[in-house]
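First the structure, in the form of structure tokens, and then the observations on it.
Number of protein chains: 2
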Amino acid sequence: MNEILDQIRAIVGADHVATGAAIHQDDTHDECLTVTPVRPAGVVRPGTTAEVAAVLRCCNEAGVTVTARGAGSGLSGACVGVPDGLVMAFDRMAEVIRIDVADQMAVVQPGITLAALDDALAPYDLVYPVEPGEPSATVGGTVATNAGGMRAVRYGVTRQHVVGLQMVLASGTVLRSGGRLAKLSTGYDLTQLVVGSEGTLALVTEVTIRLQPRPKARATILAPFADLPTLAAAIPAVTGSGVDPLMLEYLDVLSMTGVTQAAGIDLAVDPAVGTRTNAYLIVALQSRSSEHLQDDVELTGAILTNHGALDVYVLSPRAGADLVTARERAFFAARSAGADDIVDVVVPRSAMSDLLLEAASLGAASGSLVTGCGHAGDGNIHLSIFQPNSQRRQDLIHQIFRHALDAGGAISGEHGLGRAKRDAFLALADPNHLALLDQIKAVFDPRGILGPGVGPARDSRRAEAAPGVSAGTDVGPGGDAQRHDANRHLAGLAGATGEVAP
Amino acid sequence: MNEILDQIRAIVGADHVATGAAIHQDDTHDECLTVTPVRPAGVVRPGTTAEVAAVLRCCNEAGVTVTARGAGSGLSGACVGVPDGLVMAFDRMAEVIRIDVADQMAVVQPGITLAALDDALAPYDLVYPVEPGEPSATVGGTVATNAGGMRAVRYGVTRQHVVGLQMVLASGTVLRSGGRLAKLSTGYDLTQLVVGSEGTLALVTEVTIRLQPRPKARATILAPFADLPTLAAAIPAVTGSGVDPLMLEYLDVLSMTGVTQAAGIDLAVDPAVGTRTNAYLIVALQSRSSEHLQDDVELTGAILTNHGALDVYVLSPRAGADLVTARERAFFAARSAGADDIVDVVVPRSAMSDLLLEAASLGAASGSLVTGCGHAGDGNIHLSIFQPNSQRRQDLIHQIFRHALDAGGAISGEHGLGRAKRDAFLALADPNHLALLDQIKAVFDPRGILGPGVGPARDSRRAEAAPGVSAGTDVGPGGDAQRHDANRHLAGLAGATGEVAP
Numbered sequence: 468m469n470e471i472l473d474q475i476r477a478i479v480g481a482d483h484v485a486t487g488a489a490i491h492q493d494d495t496h497d498e499c500l501t502v503t504p505v506r507p508a509g510v511v512r513p514g515t516t517a518e519v520a521a522v523l524r525c526c527n528e529a530g531v532t533v534t535a536r537g538a539g540s541g542l543s544g545a546c547v548g549v550p551d552g553l554v555m556a557f558d559r560m561a562e563v564i565r566i567d568v569a570d571q572m573a574v575v576q577p578g579i580t581l582a583a584l585d586d587a588l589a590p591y592d593l594v595y596p597v598e599p600g601e602p603s604a605t606v607g608g609t610v611a612t613n614a615g616g617m618r619a620v621r622y623g624v625t626r627q628h629v630v631g632l633q634m635v636l637a638s639g640t641v642l643r644s645g646g647r648l649a650k651l652s653t654g655y656d657l658t659q660l661v662v663g664s665e666g667t668l669a670l671v672t673e674v675t676i677r678l679q680p681r682p683k684a685r686a687t688i689l690a691p692f693a694d695l696p697t698l699a700a701a702i703p704a705v706t707g708s709g710v711d712p713l714m715l716e717y718l719d720v721l722s723m724t725g726v727t728q729a730a731g732i733d734l735a736v737d738p739a740v741g742t743r744t745n746a747y748l749i750v751a752l753q754s755r756s757s758e759h760l761q762d763d764v765e766l767t768g769a770i771l772t773n774h775g776a777l778d779v780y781v782l783s784p785r786a787g788a789d790l791v792t793a794r795e796r797a798f799f800a801a802r803s804a805g806a807d808d809i810v811d812v813v814v815p816r817s818a819m820s821d822l823l824l825e826a827a828s829l830g831a832a833s834g835s836l837v838t839g840c841g842h843a844g845d846g847n848i849h850l851s852i853f854q855p856n857s858q859r860r861q862d863l864i865h866q867i868f869r870h871a872l873d874a875g876g877a878i879s880g881e882h883g884l885g886r887a888k889r890d891a892f893l894a895l896a897d898p899n900h901l902a903l904l905d906q907i908k909a910v911f912d913p914r915g916i917l918g919p920g921v922g923p924a925r926d927s928r929r930a931e932a933a934p935g936v937s938a939g940t941d942v943g944p945g946g947d948a949q950r951h952d953a954n955r956h957l958a959g960l961a962g963a964t965g966e967v968a969p
Numbered sequence: 468m469n470e471i472l473d474q475i476r477a478i479v480g481a482d483h484v485a486t487g488a489a490i491h492q493d494d495t496h497d498e499c500l501t502v503t504p505v506r507p508a509g510v511v512r513p514g515t516t517a518e519v520a521a522v523l524r525c526c527n528e529a530g531v532t533v534t535a536r537g538a539g540s541g542l543s544g545a546c547v548g549v550p551d552g553l554v555m556a557f558d559r560m561a562e563v564i565r566i567d568v569a570d571q572m573a574v575v576q577p578g579i580t581l582a583a584l585d586d587a588l589a590p591y592d593l594v595y596p597v598e599p600g601e602p603s604a605t606v607g608g609t610v611a612t613n614a615g616g617m618r619a620v621r622y623g624v625t626r627q628h629v630v631g632l633q634m635v636l637a638s639g640t641v642l643r644s645g646g647r648l649a650k651l652s653t654g655y656d657l658t659q660l661v662v663g664s665e666g667t668l669a670l671v672t673e674v675t676i677r678l679q680p681r682p683k684a685r686a687t688i689l690a691p692f693a694d695l696p697t698l699a700a701a702i703p704a705v706t707g708s709g710v711d712p713l714m715l716e717y718l719d720v721l722s723m724t725g726v727t728q729a730a731g732i733d734l735a736v737d738p739a740v741g742t743r744t745n746a747y748l749i750v751a752l753q754s755r756s757s758e759h760l761q762d763d764v765e766l767t768g769a770i771l772t773n774h775g776a777l778d779v780y781v782l783s784p785r786a787g788a789d790l791v792t793a794r795e796r797a798f799f800a801a802r803s804a805g806a807d808d809i810v811d812v813v814v815p816r817s818a819m820s821d822l823l824l825e826a827a828s829l830g831a832a833s834g835s836l837v838t839g840c841g842h843a844g845d846g847n848i849h850l851s852i853f854q855p856n857s858q859r860r861q862d863l864i865h866q867i868f869r870h871a872l873d874a875g876g877a878i879s880g881e882h883g884l885g886r887a888k889r890d891a892f893l894a895l896a897d898p899n900h901l902a903l904l905d906q907i908k909a910v911f912d913p914r915g916i917l918g919p920g921v922g923p924a925r926d927s928r929r930a931e932a933a934p935g936v937s938a939g940t941d942v943g944p945g946g947d948a949q950r951h952d953a954n955r956h957l958a959g960l961a962g963a964t965g966e967v968a969p
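Sequence lines, in order, name chains A and B.
Residue numbering for the first sequence follows the working numbering, beginning at 468 and increasing consecutively.
Residue numbering for the second sequence follows the working numbering, beginning at 468 and increasing consecutively.
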């Protein structure tokens with residue numbers, strides 16, 4: 468390892484390689500509550516794509532692993548390294564390379580934070596609409612996790628805004644995919660394959676993103692509801708109306724209490740309403756003109772009232788901004804309140820309230836407290852689990868995962884698998900699906916040096932040796948993270964094919 | 468082959484396998500002007516996913532190729548089979564499996580046409596916004612090509628609406644990816660990898676798509692311009708204003724004459740304006756309310772006037788619909804007029820007018836007529852090439868491709884590579900990029916039975932034998948279809964790494 472570190476020092480400069488006690492505590496963890504901090508063998512901070520390529524070439528030849536790291540604001544441990552591997556941090560590659568106003572696109576380095584990017588775009592009246600709730604997050608980190616956030620109900624998730632990448636494969640090969648192009652139909656989309664791959668297929672060194680006009684007018688509506696099913700039933704009425712909400716966030720009453728207390732906000736909800744409230748809906752609206760916005764506010768208010776809101780409050784711009792910021796900080800409020808884990812699950816939007824009720828019920832049965840908030844427009848829920856006993860907590864979370872999968876959902880909507888959910892994913896996914904993921908990993912990273920222990924693929928060398936995806940059979944329902952039940956439909960298939968699959 | 472055909476007859480029923488003279492002429496071609504029709508060894512029409520799986524298993528074992536076919540409305544020859552292989556047509560798998568109003572999603576079989584899907588969604592006030600201009604196209608075909616179309620400037624292309632797939636690998640393995648989920652972060656996105664893969668990675672047997680509220684109010688504006696650069700410069704002003712246009716289409720004056728004559732439309736443009744016009748912009752606007760729409764029409768009209776439009780016509784709903792339909796039929800108008808090829812290229816939007824001027828100039832130099840129309844909001848251009856001499860036409864198209872690539876573009880925005888552009892892609896793309904595509908193909912289809920001669924990957928068996936992606940080096944600019952110039956930056960990289968790449 469010392470020899471490799473010397474080679475890497477020669478590439479990036481000795482100042483940009485930390486080892487031993489010189490490794491900063493910040494570089495050993497992210498914000499995930501359940502992944503233990505790890506001090507890697509070294510932390511490398513390259514300054515250019517060529518340096519990234521040269522470092523990877525060294526590491527690939529030597530079989531030394533590399534874990535990519537952005538701001539460390541992730542919630543799955545994906546950027547936490549291993550003791551005998553390197554962490555590659557991208558904070559020295561944080562430039563805006565170009566802003567194309569006519570194209571409404573920008574090209575940036577991966578280490579730029581969302582806050583710095585927003586500052587750079589503001590003078591052009593443009594915005595990058597991905598807002599995962601943490602402005603210190605880097606673009607590279609959001610690409611790695613396919614980050615979503617509160618505005619996704621209107622604008623979609625990260626992959627819908629990334630149109631091009633420069634990437635470095637494990638071998639040191641530098642590739643470009645896509646470009647400043649609104650459309651492309653020239654073969655397999657490597658951009659989309661690498662987005663969401665958590666640093667396990669290639670390291671991203673440039674990102675081309677689509678931008679949107681910067682909003683002119685914005686309003687925030689708060690609607691208390693007596694129960695979650697009523698709240699959930701109001702969601703499609705809002706999204707179907709054509710008002711195109713910017714945010715559709717729900718918080719159960721405990722979460723709302725937590726975030727408002729942490730932020731020092733008084734919601735000023737009528738006490739007679741407050742005592743009947745079990746869930747809150749926050750609707751942010753945005754329009755190019757204040758007149759249109761006013762119409763949208765009135766329509767949305769009417770829809771919510773007609774769909775069972777106990778009351779509808781149109782917040783002042785200041786109060787609205789404060790409440791949205793407080794909601795963004797929900798993770799920190801839950802952590803401060805003593806949550807033992809924060810779980811990200813996603814289900815079809817129509818299945819959200821059932822999942823939440825089931826999670827509360829499962830929590831009660833296990834002696835755990837489960838509270839939650841989330842992106843109600845997307846069926847994407849963040850549950851705070853208060854259960855200090857690790858085994859009981861794991862059992863509860865596993866039950867919640869199974870319920871989500873049975874409802875057609877998945878075990879992560881936006882935080883990623885990282886280290887925290889890798890085992891659950893491997894245990895629950897269709898083996899044929901996993902075999903394909905392993906082989907894709909082996910194509911990009913045959914020696915398995917990128918992101919050890921992170922993400923959906925198993926050891927590359929094992930995949931390399933595999934004879935190919937076996938001809939199994941599963942025509943049952945499910946998603947990326949579906950529970951495997953290979954024999955479920957075999958009878959039907961055998962009838963159609965005249966043979967029983969192995 | 469006869470033995471295989473008998474096996475397949477036993478799977479799908481003898482009525483659903485055509486051979487020899489029983490193969491309908493329609494199943495031998497698509498709409499591409501340059502790909503020769505081919506009569507395959509057989510055309511198979513499966514009725515279920517299980518049948519697709521069983522047929523592929525047979526074919527994979529026997530090494531018989533399978534070319535997937537939707538409606539045959541494509542423009543790249545991707546659905547044209549080979550003489551010793553099978554074509555698999557999906558018109559028997561054309562059902563809507565479910566429409567989830569609360570989720571704003573639908574699950575459909577691949578053979579359903581866009582027209583039939585629209586009929587099914589209309590009662591729910593929902594719309595699938597992908598409109599490639601041919602309502603007889605199938606959902607499966609649009610997934611295969613990642614189809615775009617006129618509404619993409621607002622809603623994005625096919626991949627932005629497909630959230631889940633059921634797919635059958637060459638081996639017969641049935642997999643699901645994604646689901647009725649607005650967000651997902653559980654590993655490599657197989658859905659996105661298969662969208663746009665032109666039937667060469669897996670055959671899609673179910674598609675889960677996002678839906679949008681059905682538009683309430685729509686208006687169409689026609690703006691003549693004296694020249695293309697002025698027209699192009701108006702585009703970012705419109706998109707940056709926040710009016711969020713549904714369509715932003717340009718037609719040069721010859722194309723406009725062609726499409727309006729073919730449709731029997733009189734544009735009623737003031738003759739004094741018409742004589743000065745060299746390019747037309749069509750802007751379609753859409754809003755949830757007629758009041759908002761009226762505001763958007765006024766704002767857009769003012770922007771166009773301020774940006775050099777010779778005049779601005781707000782068309783009657785009937786005239787607007789007729790003009791949009793006529794524009795949709797531009798391909799057929801150009802074909803009727805005797806065009807020898809229709810070429811789909813995409814560049815950064817800001818590079819569009821330069822490319823068009825260059826194409827016209829290259830055309831003149833080669834004694835060819837080049838006219839065009841396209842999706843001005845996306846930088847996606849369709850050029851009609853009138854040049855009967857095949858070699859001169861190919862040379863001209865190659866020059867246009869090179870110009871597009873040099874401008875950061877690609878050789879297909881939405882039609883795909885198919886057979887028509889495969890050779891150009893293989894000749895122009897970065898070899899390291901191609902090696903990766905080959906290996907991905909080999910993961911999904913190790914025996915190379917899917918889509919022979921179609922798309923971006925070379926023969927699977929060759930890729931299988933390859934030792935892995937070589938550690939080449941290219942940090943230069945470019946896109947998926949970039950021109951390869953591997954030594955361009957070697958000097959700089961050598962300086963950084965202390966070694967020269969092989």
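For glycine and all other residues, C-beta sits at the position ideal for the given N, C-alpha and C.
With a threshold of 8 Å between beta carbons, B/S757 makes no contact with chain A. In the DSSP assignment, B/C840 falls within the beta strand (DSSP E) that extends over 836 to 842. In this structure, A/G880 places its C-beta atom within 8 Å of the C-beta atom of B/S652. Taking C-alpha positions only, B/D905 is separated from B/R925 by approximately 6 Å.
Unbroken beta strand (DSSP E) stretches of 3 residues or longer found wholly inside the stretch 620 to 669 of chain A: 629 to 635, 641 to 645, given in chain order. Put simply, the stretch 605 to 622 of chain B does not touch the stretch 635 to 655 of chain B. Fewer than three CB pairs are less than 8 Å apart. By the Cβ-count criterion, A/P550 is exposed, with fewer than 16 other Cβ atoms from all chains shown falling within 10 Å of its own Cβ. Here A/P577 is buried. Its C-beta has 16 or more other C-beta atoms within 10 Å.
Close to chain B, meaning a Cβ-Cβ distance shorter than 9 Å, are the following residues of the stretch 597 to 615 of chain A: T612, N613, A614, G615. Among the bridge pairs identified by DSSP, A/D494 is matched with none.
With the criterion set as a beta carbon lying under 9 Å from some beta carbon of chain A, the members of the stretch 817 to 850 of chain B are S817, A818, H842, G844, D845, G846, N847, in sequence order.
Shortest Cα-Cα distance from B/E716 to any of B/R860, B/A843, B/G480 involves B/A843.
Cα atoms of B/A545 and B/L872: separation of roughly 22 Å, rounded to the nearest angstrom. Here the alpha carbons of B/V662 and B/R785 stand approximately 35 Å from one another. Ranked by how close their Cα comes to the Cα of A/A769, the residues A/A788, A/E470, A/A804, A/L689 have A/L689 in first place. Approximately 10 Å separates the beta-carbon atoms of A/G846 and A/A877; this is outside 8 Å, ruling out the contact.
Taking one beta carbon from each stretch, the stretch 704 to 712 of chain A and the stretch 549 to 567 of chain A have fewer than 3 pairs nearer than 8 Å; the two do not touch. Only I907, V910, P913, G922, P923 from the stretch 907 to 925 of chain A bring a Cβ to less than 7 Å from some Cβ of chain B. For B/V810, the closest Cβ of chain A is not nearer than 8 Å.
The Cβ atoms of A/P691 and A/T724 lie no closer than 8 Å to each other. A/F557 sits in coil when the DSSP states are folded into three classes, being neither helix nor strand. A direct Cα-to-Cα measurement between B/A730 and B/C840 gives close to 16 Å. Annotation for A/Y780: L689 place their beta carbon closer than 6 Å to its own, counting only its chain and skipping 5 residues before and after. In the structure shown, B/Y595 adopts coil according to DSSP, grouped into three states. Chain order gives the chain B residues near A/F892 as T653, G654, where near means a beta carbon separation below 8 Å. For the C-beta of B/S664, the chain A residues within less than 7 Å are, from N- to C-terminus, Y655. Annotation: Cβ neighbours of B/S879 in chain A (cutoff 8 Å, chain order): L651, S652, T653. Around the beta carbon of A/M468, fewer than 16 other beta carbons lie within 10 angstroms, which makes this residue exposed. Interface annotation, A/Q571: in contact with chain B, CB-CB separation under 8 Å.
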